[in-house]
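> Questions regarding the structure given below will be posed in turn.
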Amino acid sequence: MDSLKSPPPPLPALARPDTYAMTQGQPWPLGASFDGQGVNFAVFSAHAQAMELCLFDATGTQELARLRLPAHTSDVWHGYLPGAQPGQVYGLRAHGPWRPDRGHRFDASKLLLDPYARDIVGHFEWRDEHFAGDRLHPRHMDTRDNAAFALKARVTHDQFDWGGDQAPRTALADSVIYECHVKGFSRLNDQMPPALRGSFAGLAHPASVAHLQRLGVTAVSLLPVHYAVSEERLNAMGLSNYWGYNTLGFFSVDPRFASGTPGVSPRDEFRGMVKALHAAGLEVLLDVVYNHTAESGEDGPNISFRGLDNRSYYRLPPEALAYYDNYSGCGNTLDIRQPRVLQMVMDSLRYWVADMHVDGFRFDLAPVLGRTDTGFERGSAFFTAVAQDPVLSRVKMIAEPWDVGPGGYQTSNFPRGWLEWNDRFRDCMRGFWVQTAAAPEAALPDNTRADLALRLCGSSDMFQPRQRAPAESVNYVVSHDGFTLRDLLSYNQRHNEANGESNRDGHGHNLNFNCGVEGPSDDPVVNALRGRLQRALLATTLLAQGTPLICAGDELGHTQGGNNNPYCQDNPTTWIDWSEADENLIAFTARVIALRRQALPFANQWYSGVADALGLHDLAWLRGSGRPLEGDGWRDPHYRSLGCLIGRPGRAKAPLLLLVNAGHTDDPFWLPAGVWQMVLDSSHPRGQSNWVGQGEVMFQLPAHSLVLLAAAGSGLNL
């Protein structure tokens, strides 16, 4: 391999040194910072031998100067350029060894993007010039200059009028999360000007805010809005990474979500959206991807991190430094063990909270952030840094608690205070409701009444032993990743042909349920059953103990035509079709959320099931006969109805009775003594009911439905 080592090209003479005279400046803050007199540049690289700052004209097309950063302090290259102003466009060139076998991939012919760029100039094109390794002979260098096609950074110095903006700081017990894609949410909404549709301004538009307020959700969780790049494979097929889980700029807003309103930068449009949503009482959470970057695997391009310091930014197998640990499934894994990489993540998170006013984060493939030399640890440097941080410790932190590496499934193992997506809730509810409807005669031992009870009550088997609060379980049945709620009940097989992978991507099949009809149906019986199951799944998610999450469009019947992996479909497949909205389903969803807000059926505390001195149980489980559900009855797979008597609800002033019937026929249910008023009936298209019963009465519990009754004096008013 020594014969393949190429020395770095010599540094060119400084252009116009009388004009571009740098001083040493400071090694902090990292990135480009304007102080009113000039700009300080600071770039981390532990292994580079020299670092150049390349200045460009405002369009980023003409290179004006190459300046050697004159100082090197604690692995940070830095320099100060007097007279430089915000708006200056620049890139970086890192000099060092080209030794992939030793983990080094320096190539000064490649212009690199500053990892701390707040504003990114240009549009990335997949070209061979971006690859430091020759694509036909990867062990050899390709020294063609890529500056004409490379992304560049622009110096920023923002002044945004927040006008007294206040974070809602919604308590976890009151939180209802609405996951949505900025573009897909409003792209087809004709209640706003065409120019705003599909943008940050579209999400902030009164029509969008009105819908969110009507539903009663408390937070929007946005799919990635960091600057992302579509994979080369998708680009070649004429597709794009619509979801955006391929980040390149962790400090930069992706301009594809900006409306292009004259005089308004994407950053300011994002801030305006946050300000408008805050004014409406809505929190803004960001889905963030700090597990990998858009530079892909060992055959990927030098766009930024790889060229600046490959061995520091990425996890490399010690025995094969030319390759990458791929715990993300996307070719590489950021190495959070490295202090400066950890610093970048922390600086990025603080930027989005302090400067952009977001209220929390959902971390994609979050175990990567806690991986040490020996595996995942909840006491790793990242979690410790977050816990002590005066800014980040006060916002919501939500983990997708799995990655694709060894020991990657870590549900319920994150630190106290973190929320986690609960896939066991998802799988149990799908199995209990959907598979039962598909095959009522089948024995389904993994989705019994015992499983349902555990998931309804905060997955106590998982979270309570670790001294976690019930609200730390994020309960969901459908997310962006998979079938929509409507498609879950309409398709048995995936229909992903448009993704260009011969329908092999995504989950292979559904849950053996399609009511005998694949796709849309004109059969009123089929549609009635699908409607009941949509409402039952929504109600279960929204009323269960924990923090509920629903996916945008599921409240109005959004379909993706059976595509269960539409990450590359930036078209009407994923855009919500507001003209086809199911108004009854919207009203039903709003009713259930209002009921949760008023009653909070399950408090954010663990229940014991033990009776008090007056004989009142804080929680009791009942059979249809009204007798306690005990022993083998919990695991009998053929019985699909049960009752939950909540003696101490979170907010209602009297006991509540939650009845569930996933079976194919109506079931009689004997109610406990007292006066009971039905406040929710999921068999009704809008969830409404005027039913009132007094004394020990037999109630006919509809098939495929969830019912909530309140005892007299509950104080509920719906």
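Position one of the sequence shown corresponds to residue 28 (this note's numbering), numbered consecutively onward.
Glycine is no exception: its CB is placed at the ideal position from the N, C-alpha and C atoms.
#1: Which first and last residues belong to the alpha helix (DSSP H) in which residue 514 is found?
#2: Just mark residue 84 as buried or exposed, buried being the case when its beta carbon has 16 or more other beta carbons within 10 Å.
#3: Indicate whether the contact test is met: 3 or more Cβ pairs, each with one atom in the segment 489 to 508 and one in the segment 571 to 586, closer than 8 Å.
#4: Could you check whether residue 679 and residue 737 sit closer than 8 Å to each other, using their CB atoms as the reference points?
#5: From residue 726 to residue 682, what does the alpha carbon distance come to, in whole angstroms?
#6: Rounded to a whole number of angstroms, what is the C-alpha to C-alpha distance between residue 50 and residue 109?
#7: Is residue 90 helix, strand or coil by DSSP?
#8: Can you give me the Cβ contacts of residue 705 inside the same chain, cut-off strictly under 7 Å, excluding the 5 residues immediately before and after it?
#9: For the beta strand (DSSP E) that contains residue 704, what are its first and last residues?
#10: With a CB to CB cut of under 6 Å and the five nearest residues on each side skipped, what residues in its chain are close to residue 59?
#11: Give me the residue from 627, 629, 610, 601 with the minimum Cα distance to residue 215.
#12: Apart from the five residues on each side of it in sequence, which residues of its chain come closer than 6 Å, Cβ to Cβ, to residue 52?
#13: Do residue 670 and residue 644 have their CB atoms nearer than 8 Å?
#14: Under a three-way DSSP split, which group does residue 446 fall into?
#15: Output needed for residue 470: all residues of its chain with C-beta closer than 8 Å, excluding positions within five of it in sequence on either side, in chain order.
#16: Return the CA-CA distance between residue 310 and residue 147, expressed in angstroms with no decimal places.
#17: When DSSP labels each residue in this structure, what does residue 735 get in the three-state scheme?
#18: Leaving out the 5 sequence neighbours to the left and right, which residues in its chain are closer than 7 Å to residue 101 when beta-carbon positions are compared?
#19: Do you know how far the Cα of residue 286 is from the Cα of residue 210?
#20: Throw me the rounded Cβ distance for the residue 159 and residue 353 pair, which I believe falls under 8 Å.
#21: Does the segment 601 to 614 touch the segment 647 to 655, meaning 3 or more C-beta pairs lie closer than 8 Å?
#22: Between the segment 140 to 155 and the segment 265 to 281, can you find at least three pairs of beta-carbon atoms closer than 8 Å?
#23: In whole angstroms, what separates the C-alpha of residue 245 from that of residue 206?
#24: Bridge partners of residue 459, per DSSP?
#25: Going by alpha carbons, who is nearest to residue 126 out of 455, 165, 710?
#26: Excluding five sequence neighbours on each side, which residues of the same chain lie with their C-beta closer than 7 Å to the C-beta of residue 261?
#27: Out of curiosity, what's the CA-to-CA distance linking residue 763 and residue 152?
#28: Please list, in chain order, all residues of the same chain as residue 202 whose beta carbon is under 7 Å from its beta carbon, the five residues on each side excluded.
#29: Below 8 Å CB to CB, which residues in the same chain sit around residue 338 once its five sequence neighbours on both sides are set aside?
#30: Would you decide whether residue 668 is buried or exposed? Buried here means 16 or more other CB atoms lie within 10 Å of its CB.
#31: In its own chain, which residues sit with a C-beta less than 6 Å from the C-beta of residue 614, not counting the 5 before and 5 after it?
#32: Do residue 521 and residue 243 have their beta-carbon atoms positioned less than 8 Å apart in this structure?
#33: Spatial neighbours of residue 64 within its chain, please: C-beta separation below 7 Å, excluding the five flanking residues on both sides.
#34: Using DSSP's beta-bridge definition, name the partner residues of residue 79.
#35: Classify residue 629 as helix, strand or coil using the three-state DSSP reduction.
#36: In angstroms, rounded to a whole number, what distance separates the CA positions of residue 458 and residue 474?
Considering the structure as presented:
#1: Position 487 of the sequence shown holds residue 514. First-last of the alpha helix (DSSP H) with residue 514: 512 to 515.
#2: Indexing the sequence shown from 1 puts residue 84 at position 57. It counts as exposed.
#3: yes
#4: Within the sequence shown, the letter at position 710 stands for residue 737. Within the sequence shown, the letter at position 652 stands for residue 679. Result yes, Cβ atoms of residue 737 and residue 679 sit closer than 8 Å.
#5: Numbered from 1 along the sequence shown, position 699 holds the residue referred to as residue 726. Numbered from 1 along the sequence shown, position 655 holds the residue referred to as residue 682. If you take the alpha carbons of residue 726 and residue 682, they lie about 17 Å apart.
#6: Position 23 of the sequence shown, counted from the first residue, corresponds to residue 50. Position 82 of the sequence shown, counted from the first residue, corresponds to residue 109. Each residue's Cα considered, the two are about 8 Å apart.
#7: Taking the sequence shown and counting its residues from 1, the one referred to as residue 90 is at position 63. Looking at residue 90 - three-state DSSP - the assignment turns out to be strand.
#8: Within the sequence shown, residue 705 is the residue found at index 678, counting from 1. Same-chain partners within the cutoff: 716, 718, 734, 736.
#9: Locating residue 704 in the sequence shown gives position 677, where the first residue counts as 1. Run containing residue 704: 702 to 708, per the beta strand (DSSP E) assignment.
#10: By one-based count along the sequence shown, residue 59 stands at place 32. So the list reads 66, 68, 182, once near-sequence residues are dropped.
#11: Here residue 215 refers to the residue found at position 188 when the sequence shown is read from its first residue. Checked all of 627, 629, 610, 601; the closest Cα to residue 215 is 601.
#12: Your numbering for residue 52 matches position 25 in the sequence shown. So the list reads 67, 105, 106, 107, once near-sequence residues are dropped.
#13: As a working mapping, residue 670 is identified with position 643 in the sequence shown. As a working mapping, residue 644 is identified with position 617 in the sequence shown. In this structure, residue 644 does not lie closer than 8 Å to residue 670 by Cβ.
#14: Taking the first residue of the sequence shown as position 1, residue 446 is located at position 419. Here residue 446 sits in strand by DSSP.
#15: Counting from one through the sequence shown, the residue named residue 470 turns up at place 443. Reliability of the predicted coordinates at residue 470 is poor, the pLDDT of 48 falling under 50, and no value is obtained from them.
#16: Counting from 1 along the sequence shown, the entry for residue 310 is found at position 283. Counting from 1 along the sequence shown, the entry for residue 147 is found at position 120. Rounded to the nearest angstrom, the two C-alpha atoms are 27 Å apart.
#17: For the purposes of this step, residue 735 is identified with residue 708 of the sequence shown, where counting begins at 1. Looking at residue 735 - three-state DSSP - the assignment turns out to be strand.
#18: Reading the sequence shown from its first residue, position 74 is the one you call residue 101. Only 54 meet the Cβ criterion.
#19: Here residue 210 refers to the residue found at position 183 of the sequence shown. Here residue 286 refers to the residue found at position 259 of the sequence shown. Their backbone Cα atoms lie some 10 Å apart in a straight line.
#20: Working through the sequence shown from its first residue, we reach residue 159 at position 132. Working through the sequence shown from its first residue, we reach residue 353 at position 326. Incorrect: roughly 19 Å between the Cβ atoms, too far for contact.
#21: Touching, no.
#22: yes
#23: As a position in the sequence shown, residue 245 is number 218, starting the count at 1. As a position in the sequence shown, residue 206 is number 179, starting the count at 1. If you take the alpha carbons of residue 245 and residue 206, they lie about 11 Å apart.
#24: In the sequence shown, counting from the first residue as 1, residue 459 sits at position 432. According to DSSP, residue 459 bridges with nothing at all.
#25: If you number the sequence shown from 1, residue 126 lands on position 99. Looking at the Cα atoms, 165 is the closest of the given residues.
#26: The residue given as residue 261 occupies position 234 in the sequence shown. Result list for residue 261: 267, 268, 595, in chain order.
#27: Examination of residue 763 is not possible in this model, given that the chain is present from 28 through 745 alone.
#28: Your numbering for residue 202 matches position 175 in the sequence shown. Around residue 202: 245, 246, 574.
#29: Locating residue 338 in the sequence shown gives position 311, where the first residue counts as 1. Correct list, in chain order: 73, 74, 129, 130, 131, 348.
#30: Working through the sequence shown from its first residue, we reach residue 668 at position 641. Buried: at least 16 other Cβ atoms inside 10 Å.
#31: As a first step, residue 614 is located in the sequence shown; it is residue number 587 there, counting from the start. The residues are 713.
#32: Position 216 of the sequence shown, counting from 1, holds the residue named residue 243. Position 494 of the sequence shown, counting from 1, holds the residue named residue 521. It is not a contact, given that the beta carbons lie outside the stated cut-off.
#33: By 1-based counting over the sequence shown, the position of residue 64 is 37. Contacts found: 109.
#34: As a position in the sequence shown, residue 79 is number 52, starting the count at 1. Partner(s): 95, 120.
#35: On the sequence shown, position 602 is the one that residue 629 refers to. Residue 629: coil per DSSP, three-state reduction.
#36: Here residue 458 is taken as the residue at index 431 of the sequence shown, counted from 1. Here residue 474 is taken as the residue at index 447 of the sequence shown, counted from 1. Rounded to whole angstroms, residue 458 and residue 474 show a C-alpha spacing of 6 Å.
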